[in-house]
Amino acid sequence: MLDFWFNESTVKRWFTGGVELDDEIRREFGTQVTLAQSGGLAEWEADPQSRLALVIVLDQFSRNIFRGKSKAFAGDERAQQLVTDALARGFDAELPWMGRVFLYMPLMHAESLALQEESVKRFTALEAAVPDDLRASAQSSLDYARQHRDIIARLGRFPYRNSALGRTNTALEFDFLKNGPRFGQ
16 MLDFWFNEST VKRWFTGGVE LDDEIRREFG TQVTLAQSGG LAEWEADPQS RLALVIVLDQ
76 FSRNIFRGKS KAFAGDERAQ QLVTDALARG FDAELPWMGR VFLYMPLMHA ESLALQEESV
136 KRFTALEAAV PDDLRASAQS SLDYARQHRD IIARLGRFPY RNSALGRTNT ALEFDFLKNG
196 PRFGQ
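Letter by letter, the sequence shown follows residues 16 to 200 in this note's numbering.
Next comes the structure, spelled out in structure tokens:
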């Protein structure tokens, strides 16, 4: 799973993949997503690499194969718990920088200001620690973390999820949806 996610072909499509990547992930990893969303694959929690794989399945693959549907977010709570526990165990320190980006991503996706602040803290530390040749990429990740945090600080939730989750938009959220970012959702 990690070989697939971090291979050069997939990396180029992470945030622009569209239907083709969504279908490929559904074919190759749909079973793992279903198992993970129902609390399975606990054996993947044991070490940093397999924990990262489980987090990616819950946080990224769910968004790909259920794009625009409530199930896209069904793994978020478990992913956030796995990340919080991984951080307490120091698992992130054992991952390469891009692995850390995806380990921290569920914090960025959280509709919790406390987790958003933790996201910004983690991405800030990551940006400060990477070599100069990776600084621009790390800075971009930090910028996205700040944008997500600012939305939660302002609105308390991500309005672009409201339709999929059956939530009614507030007037402020309607305004946000006219001009605000959607981050692929």
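For each residue, glycine too, the CB sits at the ideal point set by N, CA and C.
Span of the alpha helix (DSSP H) around residue i
{"i": "W112", "result": "W112 to M123"}
{"i": "N177", "result": "N177 to L180"}
{"i": "G45", "result": "G33 to Q52"}
{"i": "N79", "result": "S77 to I80"}
{"i": "E92", "result": "D91 to R104"}
6 Å Cβ shell around residue i - same chain, five flanking residues per side excluded
{"i": "V275", "result": "The requested residue 275 is not part of the displayed model; the chain covers only 16 to 200."}
{"i": "W20", "result": "I71"}
CA nearest to the CA of residue i, picked from the options
{"i": "F88", "options": "G181, N22 and R42", "result": "G181"}
{"i": "L141", "options": "N22, G195, G114 and V48", "result": "G114"}
{"i": "V48", "options": "R197, L97, A68 and E188", "result": "A68"}
{"i": "P111", "options": "R28, W59, A144 and R104", "result": "A144"}
Exposed unless 16 or more other CB atoms sit within 10 angstroms - verdict on residue i
{"i": "E92", "result": "exposed"}
{"i": "N194", "result": "exposed"}
Chain-order list of residues whose beta-carbon lies under 8 Å from that of residue i (same chain, five-residue window excluded)
{"i": "V34", "result": "none"}
{"i": "G45", "result": "I80"}
Proximal residues to residue i (C-beta, below 7 Å), its chain only, five neighbours per side dropped
{"i": "R161", "result": "V135"}
{"i": "T139", "result": "L157"}
{"i": "R164", "result": "Q131, E132, S134 and V135"}
Sequence ranges, alpha helix (DSSP H) only - wholly within the region 115-173, length at least 4: Runs found: 128-144 and 150-170.
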